[in-house]
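Beneath this line is the structure, given in structure tokens, with notes to follow.
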Amino acid sequence: GQQVMQIPQYQHVQEGEDFTTYCNSSTTLSNIQWYKQRPGGHPVFLIQLVKSGEVKKQKRLTFQFGEAKKNSSLHITATQTTDVGTYFCARGASKIIFGSGTRLSIRP
Amino acid sequence: EAGVAQSPRYKIIEKRQSVAFWCNPISGHATLYWYQQILGQGPKLLIQFQNNGVVDDSQLPKDRFSAERLKGVDSTLKIQPAKLEDSAVYLCASSLGFEVDEKLFFGSGTQLSVL
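Order-wise, the sequence lines are chains A and B. The numbers in the first sequence follow this note's numbering, run straight up by one, and end at 108. The numbers in the second sequence follow this note's numbering, run straight up by one, and end at 223.
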């Protein structure tokens, strides 16, 4: 169907370690968006990927869109306590459908 | 720039009662969305408006949920009668629209508890 699957569901890391979350679809995606939701907050847009094989960076965050446009990943280098939250991917094109999210917690 | 405004912030009702949520999107945003987010899950799209027309309401439980966007600006989401499983955060989001910019801006949400 139109769902996007995210793994892992939870990730607990030591501060300074890297973190990666994956988003997979059974169908080709027109685009993929990534959002971050802090505990008790609302989702905040991070980035949108449109092109096959696209890679975008925002400081310590690296976003990739697969060559087949069926998967995407978000990688955080050297996590900090400010990175705590749930990261969602969302498929776009006329309506925005969210994945189940990956909750990141960090040990100081 | 003002963000997406939602009210109330919290609401506690008993099952079978009715409740309404209000949303004022960012000025100029043509597309408005209502999402339901159950604790620990991703936001689930309930209904999407383009200006004052419904684009998608396939996941809206129409026997109890209704929504409108009069004049293509503000929107209200109503639940009548509420069930225990309706306990969730109801998020409103807006965007410039498909083919323009699909980036969603969310309001702070309304946390609904049905007892």
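Each residue gets a CB set at the ideal place from its N, CA and C atoms; glycine is no exception. Values in this document were obtained by computation on a predicted structure and should not be read as measured data.
Please tell me whether residue i and residue j are closer than 8 Å, where the distance is taken between their beta carbons.
i	j	result
Ile106 (chain A)	Glu15 (chain A)	yes
Phe173 (chain B)	Leu199 (chain B)	no
Thr79 (chain A)	Glu17 (chain A)	yes
Gln188 (chain B)	Ser126 (chain B)	yes
Gly111 (chain B)	Gly180 (chain B)	no
Ala138 (chain B)	Gly205 (chain B)	yes
Glu193 (chain B)	Ser183 (chain B)	no
Gly92 (chain A)	Gln9 (chain A)	no
So with CB distances below 9 Å, who are the chain B contacts of residue i?
i	result
Pro39 (chain A)	Going along chain B, no residue has its Cβ under 9 Å from Pro39 (chain A), so there is no contact; the nearest lies around 11 Å.
Ser73 (chain A)	Chain B residues near Ser73 (chain A): none, gap ~17 Å exceeds 9 Å.
Phe88 (chain A)	Gly150, Pro151
Ile7 (chain A)	What Ile7 (chain A) touches in chain B: nothing, since even the nearest Cβ is about 13 Å away.
Taking Cβ-Cβ distances shorter than 7 Å, what residues in chain A pair up with residue i?
i	result
Leu199 (chain B)	His42
Phe214 (chain B)	His42, Pro43
Lys211 (chain B)	Phe45, Gln48
According to DSSP, which residues form a beta bridge with residue i?
i	result
Gly205 (chain B)	B:Asp209
Val44 (chain A)	A:Lys36
Ile155 (chain B)	B:Trp142
Ile187 (chain B)	B:Val127, B:Phe173
Ser115 (chain B)	B:Trp130
Please confirm if residue i has its CB atom under 8 Å from at least one CB of chain D.
i	result
Tyr141 (chain B)	The question asks about chain D, but that chain is absent: this structure's protein chains are A and B.
I want to check one thing, is the minimum distance from the CB of residue i to the heavy atoms of the ligand ATP below 7 Å?
i	result
Phe214 (chain B)	By its list of ligands, the structure shown contains no ligand whatsoever, and the ligand ATP lies outside what it can speak to.
Considering only residues of the stretch 65-100 of chain A, which uninterrupted beta strand (DSSP E) runs meet the minimum length of 3 residues and lie entirely inside it, listed in chain order? Listed in chain order, the complete beta strand (DSSP E) runs (minimum 3 residues) inside the stretch 65-100 of chain A are 71-76, 85-91.
Any residues in the stretch 149-172 of chain B with a beta carbon nearer than 8 Å to a beta carbon of chain A? Which ones, in chain order? Gln149, Gly150, Pro151, Lys152, Leu153, Gln156, Val163, Asp164
Got a sec: which bits of the stretch 173-188 of chain B sit with their beta carbon under 7 Å from any beta carbon on chain A, in order along the chain? none
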